[in-house]
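**Student:** From first to last, the protein sequence lines stand for chains A and B. Going by my numbering, the first residue of the first sequence is number 356, and it counts up by one from there. Going by my numbering, the first residue of the second sequence is number 356, and it counts up by one from there. Just so you know, even glycine gets a beta-carbon here, dropped at the ideal spot from N, CA and C. My questions will all concern the structure given below.
2 protein chains.
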Amino acid sequence: MQTQYLSAGERRQRTVEAVVTLAGTQNPSEITTAAIAKHMSVTQGALFRHFPSKDAIWEMVMEWVAEGLLNRIDRAAASEASPLEALRAVFEGHVSFVIEHPGVPRMMFGELQRAEATPAKKVAHGLMRRYAERVTRRLEEAKKIGEVAAETDCRAAAILFIGMIQGLVMQSMLSGHIEAARTNAAGVFKVFRRGVATHGGVLAAEGGRSAVRRTTRRTAKGSEKG
Amino acid sequence: MQTQYLSAGERRQRTVEAVVTLAGTQNPSEITTAAIAKHMSVTQGALFRHFPSKDAIWEMVMEWVAEGLLNRIDRAAASEASPLEALRAVFEGHVSFVIEHPGVPRMMFGELQRAEATPAKKVAHGLMRRYAERVTRRLEEAKKIGEVAAETDCRAAAILFIGMIQGLVMQSMLSGHIEAARTNAAGVFKVFRRGVATHGGVLAAEGGRSAVRRTTRRTAKGSEKG
DNA sequence: AAAAAGATAGTAATCGATTACTATCTTTTG
DNA sequence: CAAAAGATAGTAATCGATTACTATCTTTTT
Numbered sequence: 356m357q358t359q360y361l362s363a364g365e366r367r368q369r370t371v372e373a374v375v376t377l378a379g380t381q382n383p384s385e386i387t388t389a390a391i392a393k394h395m396s397v398t399q400g401a402l403f404r405h406f407p408s409k410d411a412i413w414e415m416v417m418e419w420v421a422e423g424l425l426n427r428i429d430r431a432a433a434s435e436a437s438p439l440e441a442l443r444a445v446f447e448g449h450v451s452f453v454i455e456h457p458g459v460p461r462m463m464f465g466e467l468q469r470a471e472a473t474p475a476k477k478v479a480h481g482l483m484r485r486y487a488e489r490v491t492r493r494l495e496e497a498k499k500i501g502e503v504a505a506e507t508d509c510r511a512a513a514i515l516f517i518g519m520i521q522g523l524v525m526q527s528m529l530s531g532h533i534e535a536a537r538t539n540a541a542g543v544f545k546v547f548r549r550g551v552a553t554h555g556g557v558l559a560a561e562g563g564r565s566a567v568r569r570t571t572r573r574t575a576k577g578s579e580k581g
Numbered sequence: 356m357q358t359q360y361l362s363a364g365e366r367r368q369r370t371v372e373a374v375v376t377l378a379g380t381q382n383p384s385e386i387t388t389a390a391i392a393k394h395m396s397v398t399q400g401a402l403f404r405h406f407p408s409k410d411a412i413w414e415m416v417m418e419w420v421a422e423g424l425l426n427r428i429d430r431a432a433a434s435e436a437s438p439l440e441a442l443r444a445v446f447e448g449h450v451s452f453v454i455e456h457p458g459v460p461r462m463m464f465g466e467l468q469r470a471e472a473t474p475a476k477k478v479a480h481g482l483m484r485r486y487a488e489r490v491t492r493r494l495e496e497a498k499k500i501g502e503v504a505a506e507t508d509c510r511a512a513a514i515l516f517i518g519m520i521q522g523l524v525m526q527s528m529l530s531g532h533i534e535a536a537r538t539n540a541a542g543v544f545k546v547f548r549r550g551v552a553t554h555g556g557v558l559a560a561e562g563g564r565s566a567v568r569r570t571t572r573r574t575a576k577g578s579e580k581g
């Protein structure tokens, strides 16, 4: 069989893509180098021409995840005016990213609970730290302009924000199809927003600026069931 | 070396305990039958006298987890008067359970993302379903008596509740010591409660009955910064 | 003595990694 | 420009280590 010869960099890129794809349907810890190679139509030994070890493959994969996800949420946040709306955009962007790449949460869950401090775990840990920082900062901005209640513990709220995504994604994976995450996303975020937003105003109670932008179909009653 | 001879049932019980202990410091997917046996001071082959397969071991372990956790949260909830306080007790009970058995969340995360529908995964899935049901029911009770806002989507709130625990636990594990979960638990739950509780009353804003019980050290300003 | 529990010593399969070798592409040279 | 020379990419086979699992023998319990 004739194989295409790719440059080292291109081959590494394809390797990362193969792992991300495989993680969408397999337990990441059970992805073998043979399976990766097969998915790339290459022999198993060829992988070690471009990576010194399997750990190095995982490290590059997690770097791809970190760059891709942070990039996605930064762009999502930039398109919104208010901090709280930015957070909603981050949330939706994150959910979209995960739906596009269903293997990502599996890899994150799998990597983060690893006991040894592998390079890949360090990258994943760094991603979570930077993510939490971004969310905390947005919340504090929101607090400053009175969009978020003064008594809010922003660090705790950031933990809740990240957990919200984790829980939404995991329970969607359990239900069989990850796309269910998008269906439930709006309702879950609404509870979160109510937990941090300033009380009193109609805007605050109904969802900030987005209510103005998005709720032409909804009445002031705000009824929603199932 | 003299070995103690135990009954089959006792040996199975010890096996479960060994796995739970090992999962506290190891990646569950990397726990071998040899490691389990070594921790029990027994040879590896002896395990297969009491379990037909490794999968069967994991199934019994997850059943132990399900029974233990549901038991814990049911007892915690029973000791509280109002539904929302019951939920807080459930939350604290869950966190305590996880701190006592740090291997539990690792096993849950590891089992739930498995692609194949192993017996252990089915048990884990069933646990999450029953857990979500309990939380949803409490929320609906709370809504009925006006403790939770009428516009709350209880199913979405239950997803957030479970995600809150997942996120809290995972981020605590990342920080190195799971005990950090207890430190952050109160703050995180406060945001959640604010997201579902009825607005307006001082009690609601400050945390219901628990505020009366627990905040003698806090002033009305409620300032707290990590 | 019979039955159960555990020890000992294996098996077949699979894993990541390495090796010697071949195919292809790129650069240099006449 | 074309052929030689070198560098890079990939193959096929194999290695040692580890895995879940099993067959056989010994010890303890009842």
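1. Just checking my contact of residue 461 of chain A with residue 378 of chain A at CB under 8 Å: how many whole Å lie between their CB atoms?
2. Tell me, please, whether the region 412-426 of chain B touches the region 457-474 of chain B by the rule of three or more beta-carbon pairs shorter than 8 Å.
3. For residue 464 of chain A, verify whether its CB is less than 7 Å away from any heavy atom of the ligand MG.
4. Please list the partners that residue 528 of chain B has in chain A, where partner means a Cβ-to-Cβ separation under 8 Å.
5. Use the C-beta contact count for residue 430 of chain B: other C-beta atoms within 10 angstroms, 16 or more gives buried, fewer gives exposed.
6. When DSSP labels each residue in this structure, what does residue 472 of chain A get in the three-state scheme?
7. Helix, strand or coil for residue 505 of chain A? Go by DSSP, reduced to three states.
8. Which bits of chain A does residue 542 of chain B rub up against, with CB to CB less than 7 Å?
9. Please check if any C-beta of chain A sits within less than 8 Å of the C-beta of residue 458 of chain B.
10. Check the Cβ-Cβ distances between residue 531 of chain B and every residue of chain A, and say whether any is below 8 Å.
11. With a 10 Å radius around its C-beta and 16 neighbouring C-beta atoms as the bar for buried, classify residue 485 of chain A as buried or exposed.
12. Contact criterion: CB-CB distance below 8 Å. Does residue 370 of chain B meet it with respect to chain A?
13. With three or more beta-carbon pairs closer than 8 Å as the criterion, would you say the region 436-444 of chain A touches the region 392-408 of chain A?
14. Taking the Cβ atom as the reference point for each residue, do residue 448 of chain A and residue 428 of chain A lie within a distance shorter than 8 Å?
15. Which residue or residues does DSSP assign as beta-bridge partners of residue 540 of chain B?
16. Give me the subset of the region 468-482 of chain B whose CB atoms are less than 7 Å from a CB atom of chain A, sorted by chain position.
17. Going by the DSSP bridge assignment, what does residue 487 of chain A pair with across the sheet?
18. Which residue from B/480, B/388, B/361 puts its Cα closest to that of residue 529 of chain A?
19. So with CB distances below 7 Å, who are the chain B contacts of residue 446 of chain A?
20. Counting only the same chain and skipping the five closest in sequence on each side, list residues whose C-beta sits under 7 Å from that of residue 469 of chain A.
**Tutor:** Put simply:
1. As a first step, residue 461 of chain A must be located in the first sequence, where it is residue number 106. As a first step, residue 378 of chain A must be located in the first sequence, where it is residue number 23. Confirmed, about 5 Å.
2. With a cut-off of 8 Å, the region 457-474 of chain B and the region 412-426 of chain B count as touching, because enough Cβ pairs lie within range.
3. Annotation note on the ligand MG: not contained in the displayed structure, which lists no ligands.
4. In the second sequence, counting from the first residue as 1, residue 528 of chain B sits at position 173. Those within 8 Å of residue 528 of chain B in chain A are 467, 468.
5. Looking up residue 430 of chain B in the second sequence gives position 75. Under this definition residue 430 of chain B is an exposed residue.
6. Taking the first residue of the first sequence as 1, we reach residue 472 of chain A at position 117. If DSSP states are grouped into helix, strand and coil, residue 472 of chain A belongs with coil.
7. Sequence index remark: in the first sequence, residue 505 of chain A carries index 150 (1-based). Residue state for residue 505 of chain A is assigned as coil, using DSSP reduced to three classes.
8. Counting from 1 along the second sequence, the entry for residue 542 of chain B is found at position 187. In chain order: 508, 511.
9. One-based indexing of the second sequence puts residue 458 of chain B at position 103. Residue 458 of chain B does not count as touching chain A.
10. Counted from its first residue, the second sequence places residue 531 of chain B at position 176. No, residue 531 of chain B lies away from the interface with chain A (no Cβ there is under 8 Å from its Cβ).
11. For the purposes of this step, residue 485 of chain A is identified with residue 130 of the first sequence, where counting begins at 1. With fewer than 16 other Cβ atoms within 10 Å, it is exposed.
12. For the purposes of this step, residue 370 of chain B is identified with residue 15 of the second sequence, where counting begins at 1. Residue 370 of chain B has a beta carbon lying at 8 Å or more from every beta carbon in chain A.
13. Contact between the region 436-444 of chain A and the region 392-408 of chain A is absent: fewer than 3 CB-CB pairs across the two stretches fall below 8 Å.
14. Taking the first sequence and counting its residues from 1, the one referred to as residue 448 of chain A is at position 93. Taking the first sequence and counting its residues from 1, the one referred to as residue 428 of chain A is at position 73. Yes.
15. In the second sequence, counting from the first residue as 1, residue 540 of chain B sits at position 185. According to DSSP, residue 540 of chain B bridges with nothing at all.
16. Of all residues in the region 468-482 of chain B, 468, 469, 470, 480 have a Cβ within less than 7 Å of some Cβ in chain A.
17. Walking along the first sequence from the start, residue 487 of chain A turns up at place 132. Paired residues: none, contrary to the question.
18. Here the question's residue 529 of chain A lines up with position 174 in the first sequence. The candidate whose alpha carbon is nearest that of residue 529 of chain A is B/480.
19. As a first step, residue 446 of chain A is located in the first sequence; it is residue number 91 there, counting from the start. None at all; the shortest Cβ gap to chain B is about 12 Å.
20. Within the first sequence, the letter at position 114 stands for residue 469 of chain A. Excluding positions up to five away in sequence, the list reads 476.
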